[in-house]
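Peer 1: Submitted below is the structure of interest, expressed as structure tokens.
In the numbering used here, the protein residues as written are 24 to 250.
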């Protein structure tokens, strides 16, 4: 760990992203080495869990040192940066797909990437893209992370004060998802989010709970002005 950053978390988050990539490459022999072949989940669960762990470890320390307001501003600023990066990468991806599709005759890359909606409704698709409702194939993890991070200013104070209650509420919310069908809507005709944030929040919260219980978590600073 250097400068308060645990590089072990960064390593395994990066490894999870590599596994996700391998799992989505057709006929890829390396996909036989990923965790989906040896357990009940794939690397996406690992990524979300570690994202929660790293987020609470970082912003929990800031909240205890500088106060919840400063931590909330830092979280929202980070969320905005990720949102801008997502829009930029999505635009770049779409440009590459459309250009490549003009030079590939053996497959329809526009169809494979789920860009038919954009071709048929470009203006509405752009609006839905900005609202994170339109996500071409294989671009779901980052919007999920953005939404989970966006909720952190609301969940972080409770986790720092009443961790067991926060975890209990998260579990209860997870259990209610299949009962009430809670999810975020995608674009018109696109159903709902593939990675349901209302369900995936549980892994994010559990990761954060482990961070707060870990030996690397900074002890709480009891200051009435910062609580």
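Here a beta-carbon is modelled for each residue, glycine too, at the ideal position from N, C-alpha and C.
Quick caveat: nothing in here was measured; it's all calculated off a predicted structure.
Please state whether DSSP places residue 36 in a helix, a strand or coil.
Peer 2: helix
Peer 1: Give the DSSP-derived three-state secondary structure of residue 243 in the structure shown.
Peer 2: Only weak support is given to the placement of residue 243: the predicted model assigns it a pLDDT of 48, under 50, and the value that follows is read from those uncertain coordinates. It is coil, neither helix nor strand.
Peer 1: Using the three-state DSSP reduction, which class does residue 156 fall into: helix, strand or coil?
Peer 2: coil
Peer 1: Exposed or buried, residue 28, counting other C-beta atoms within 10 Å across all chains shown (16 or more means buried)?
Peer 2: exposed
Peer 1: Return helix, strand or coil for residue 215, following the three-state DSSP convention.
Peer 2: strand
Peer 1: Any idea what DSSP makes of residue 236, helix, strand or coil?
Peer 2: helix
Peer 1: Please look up how many angstroms separate the CB atoms of residue 46 and residue 59, rounded, as I've assumed it's under 8 Å.
Peer 2: 6 Å
Peer 1: Which term fits residue 158, buried or exposed, when burial requires 16 or more other beta carbons within 10 angstroms of its beta carbon?
Peer 2: buried
Peer 1: Do you know offhand how far residue 43's Cα is from residue 70's?
Peer 2: Straight through space, the alpha carbons of residue 70 and residue 43 are spaced by roughly 9 Å.
Peer 1: Considering only their Cβ atoms, is the gap separating residue 222 from residue 76 smaller than 9 Å?
Peer 2: Judged by beta-carbon spacing, residue 222 lies beyond the 9 Å limit of residue 76, meaning their Cβ atoms are not closer than that value.
Peer 1: Could you check which residue in 206, 184, 224 has the C-alpha nearest to that of residue 174?
Peer 2: Measuring from the Cα of residue 174, the nearest candidate turns out to be 224.
Peer 1: Taking the straight line between their C-alpha atoms, what separation do you get for residue 99 and residue 172?
Peer 2: 8 Å
Peer 1: Per DSSP, residue 84 forms a beta bridge with which residues?
Peer 2: Residue 84 is bridged by DSSP to nothing; it lacks a bridge partner.
Peer 1: Is it buried or exposed, residue 182, if we count other Cβ atoms within 10 angstroms and call 16 or more buried?
Peer 2: buried
Peer 1: If contact is defined by three or more beta carbon pairs under 8 Å, each pair taking one atom from either stretch, is the segment 145-163 in contact with the segment 206-217?
Peer 2: yes
Peer 1: Tell me the DSSP bridge mates of residue 208?
Peer 2: 215
Peer 1: May I ask you to report which of helix, strand or coil DSSP gives residue 203?
Peer 2: helix
Peer 1: By Cβ distance below 6 Å, which residues in the same chain neighbour residue 91 in space, the five residues on each side in sequence not counted?
Peer 2: 180
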